[in-house]
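Visitor: In terms of the UniProt record's numbering, the sequence shown has 57 at position 57, counting the first letter as 1, and numbering is strictly consecutive.
Pasting in a structure now, in structure tokens, and then I'll have a few things to ask.
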Amino acid sequence: MHFDLADLRLFIHIAESPSLTQGAKRAFLSPAAASARIKALEAQFDTRLLYRDSRGVEVTPAGERLLQHARLIMRQVDYLKSEFTHYGSDSAGHIRIFANTTAVTEFLPEVLAGFLSERPGVTVDLQERLSRDIVRGVLDGTSDMGIIAGPVEASGLQVMHFSTDRLVLIVPADHPLAGQPSVNLSKTLAYQHIGLHEGSTLLSFLREHVERIGKTLSLRIQVSSFEAICRMVEAGVGIGIIPESAAVRHSRTMQLVSVALDEPWAIRERSILVRELEALPGVVRALIATLMPATPA
Numbered sequence: 001m002h003f004d005l006a007d008l009r010l011f012i013h014i015a016e017s018p019s020l021t022q023g024a025k026r027a028f029l030s031p032a033a034a035s036a037r038i039k040a041l042e043a044q045f046d047t048r049l050l051y052r053d054s055r056g057v058e059v060t061p062a063g064e065r066l067l068q069h070a071r072l073i074m075r076q077v078d079y080l081k082s083e084f085t086h087y088g089s090d091s092a093g094h095i096r097i098f099a100n101t102t103a104v105t106e107f108l109p110e111v112l113a114g115f116l117s118e119r120p121g122v123t124v125d126l127q128e129r130l131s132r133d134i135v136r137g138v139l140d141g142t143s144d145m146g147i148i149a150g151p152v153e154a155s156g157l158q159v160m161h162f163s164t165d166r167l168v169l170i171v172p173a174d175h176p177l178a179g180q181p182s183v184n185l186s187k188t189l190a191y192q193h194i195g196l197h198e199g200s201t202l203l204s205f206l207r208e209h210v211e212r213i214g215k216t217l218s219l220r221i222q223v224s225s226f227e228a229i230c231r232m233v234e235a236g237v238g239i240g241i242i243p244e245s246a247a248v249r250h251s252r253t254m255q256l257v258s259v260a261l262d263e264p265w266a267i268r269e270r271s272i273l274v275r276e277l278e279a280l281p282g283v284v285r286a287l288i289a290t291l292m293p294a295t296p297a
């Protein structure tokens with residue numbers, strides 16, 4: 001086979017775009033030139049990689065497999081450029097992170113603020129994703145590293161535990177559950193909850209456990225942050241389940257009561273996921289080293 005890296009990058013652009021025209025534009029090629037190169041790539045592999053019609057393109061099963069390998073190859077090329085451009089230093093480079101809701105909203109902003117202030121040449125792409133998408137993103141090379149909470153099924157990845165995440169129930173000071181030492185999930189479902197936005201990892205996690213006990217999670221309102229949940233709870237709109245660290249912080253300025261959740265899943269281990277730690281650029285390894293001791297339990 002005699003395809004070059006430009007062909008692989010073009011294929012990635014097209015596969016991630018709604019059409020061949022858009023993918024070609026991202027690769028700075030004409031649609032005709034892009035089409036010819038994709039046909040040549042298909043001839044090299046002796047299989048169809050894309051379905052083309054008036055609505056755009058769709059990746060075939062063989063194309064999905066190539067896309068996974070192409071992403072990994074291009075990420076390694078980027079790592080190679082970074083290592084030799086900066087001789088493995090952690091002073092410059094780009095990091096893509098897929099993380100759960102708590103990481104994105106609670107502790108990563110503070111950690112990244114300190115990390116980036118010391119490294120003006122570093123940029124970060126931080127994306128909130130569901131747990132399964134975090135694992136998949138690290139596996140296929142879409143993300144440099146992932147941050148996840150709870151049990152991890154990640155064959156082929158290095159899993160590094162770095163702290164513990166506890167979920168608690170927050171209620172107004174005059175709520176019937178405020179005087180309880182602990183409650184189980186089922187007991188909280190008698191009341192309306194304040195939840196995070198659709199697509200958040202915590203909301204998806206809670207819904208899974210509600211479904212397992214055959215009940216329904218009644219959401220009165222959905223908001224975009226733990227602070228907003230706390231404000232709604234303080235106002236008596238409903239109750240909410242959030243990380244203990246967020247409950248402690250917001251209780252300093254709001255009238256809230258935290259109640260322990262009597263559920264085994266309420267305590268979740270936080271982990272960093274990578275494909276191979278030693279193969280990562282110096283800047284990614286430096287961030288991981290910063291996270292390991294810096295994140296509060």
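Here a beta-carbon is modelled for each residue, glycine too, at the ideal position from N, C-alpha and C.
Because the structure is a prediction, the values reported are computed rather than measured.
Determine the burial state of M232: buried for a count of at least 16 other Cβ atoms within 10 Å of its Cβ, exposed for fewer.
Guide: Against the sequence shown, residue 232 aligns to sequence position 232. Its Cβ being crowded by 16 or more others within 10 Å, M232 is buried.
Visitor: So, helix, strand or coil for A99, using DSSP?
Guide: Taking the sequence shown and counting its residues from 1, one reaches residue 99 at position 99. A99: strand per DSSP, three-state reduction.
Visitor: Express the C-alpha separation of M292 and H160 in angstroms, rounding to a whole number.
Guide: Here residue 160 is taken as the residue at index 160 of the sequence shown, counted from 1. Here residue 292 is taken as the residue at index 292 of the sequence shown, counted from 1. It is worth fixing the name first, because residue 160 is Met in this sequence and not His. Taking the straight line joining both Cα atoms gives about 9 Å.
Visitor: Can you tell me whether R132 is buried or exposed, with buried defined as 16 or more other CB within 10 angstroms of its CB?
Guide: For this step, residue 132 is matched to residue 132 along the sequence shown. Label assigned to R132: exposed.
Visitor: Near Y87, what residues of its chain come up, given a Cβ to Cβ distance below 8 Å and the 5 sequence neighbours on each side ignored?
Guide: For the purposes of this step, residue 87 is taken as residue 87 along the sequence shown, with counting starting at 1. Note that Y87 scores 47 on pLDDT, short of 50, meaning its location in the model is unreliable and no value can be drawn from it.
Visitor: Measuring CA to CA, which of S218, L72, Q180 and A289 is closest to G195?
Guide: Working through the sequence shown from its first residue, we reach residue 195 at position 195. Per the Cα distances, S218.
Visitor: From the DSSP output, read off the bridge partner residues of E64.
Guide: In the sequence shown, the residue the question calls residue 64 occupies position 64. According to DSSP, E64 bridges with nothing at all.
Visitor: Within the same chain, show all residues whose beta-carbon is closer than 8 Å to that of R207, passing over the 5 residues directly before and after it, in chain order.
Guide: Numbered from 1 along the sequence shown, position 207 holds the residue referred to as residue 207. Counting only Cβ-Cβ distances below 8 Å, and skipping sequence neighbours, we find L217.
Visitor: Three-state secondary structure (DSSP) at V284?
Guide: Mapped onto the sequence shown, residue 284 falls at position 284. V284: helix per DSSP, three-state reduction.
Visitor: Does DSSP classify P172 as helix, strand or coil?
Guide: Numbered from 1 along the sequence shown, position 172 holds the residue referred to as residue 172. P172 falls in the strand class under three-state DSSP.
Visitor: Can you tell me the Cα-Cα spacing of S17 and E110, whole angstroms?
Guide: For the purposes of this step, residue 17 is identified with residue 17 of the sequence shown, where counting begins at 1. For the purposes of this step, residue 110 is identified with residue 110 of the sequence shown, where counting begins at 1. S17 and E110: Cα-Cα distance of roughly 34 Å.
Visitor: Does DSSP classify L8 as helix, strand or coil?
Guide: For the purposes of this step, residue 8 is identified with residue 8 of the sequence shown, where counting begins at 1. In the displayed model, L8 falls within a helix according to three-state DSSP.
Visitor: Please classify H197: does DSSP put it in a helix, a strand, or coil?
Guide: As a working note, residue 197 is residue 197 in the sequence shown. Here H197 sits in coil by DSSP.
Visitor: Taking C-alpha atoms, which residue in I272, R285, S19 and A289 lies nearest to V138?
Guide: Against the sequence shown, residue 138 aligns to sequence position 138. The residue with the shortest Cα to Cα distance from V138 is I272.
Visitor: Go through its chain and collect everything with a Cβ distance to R182's Cβ below 8 Å, but skip five positions before and after it.
Guide: For the purposes of this step, residue 182 is taken as residue 182 along the sequence shown, with counting starting at 1. Before going further, note that residue 182 is Ser rather than Arg in the sequence given. Closer than 8 Å at Cβ, skipping near neighbours: V259, A260, L261 and D262.
Visitor: For I239 and F226, which I take to be in contact (beta-carbon distance under 8 Å), what is that distance rounded to the nearest angstrom?
Guide: Indexing the sequence shown from 1 puts residue 239 at position 239. Indexing the sequence shown from 1 puts residue 226 at position 226. 14 Å between Cβ atoms; not a contact.
Visitor: Between the beta-carbon of L130 and the beta-carbon of V104, is there less than 8 Å?
Guide: Looking up residue 130 in the sequence shown gives position 130. Looking up residue 104 in the sequence shown gives position 104. The answer is no: Cβ separation not under 8 Å.
Visitor: Look up M254 in the DSSP assignment and say whether it is helix, strand or coil.
Guide: Counted from its first residue, the sequence shown places residue 254 at position 254. Of the three classes helix, strand and coil, the one that applies to M254 here is coil, per DSSP.
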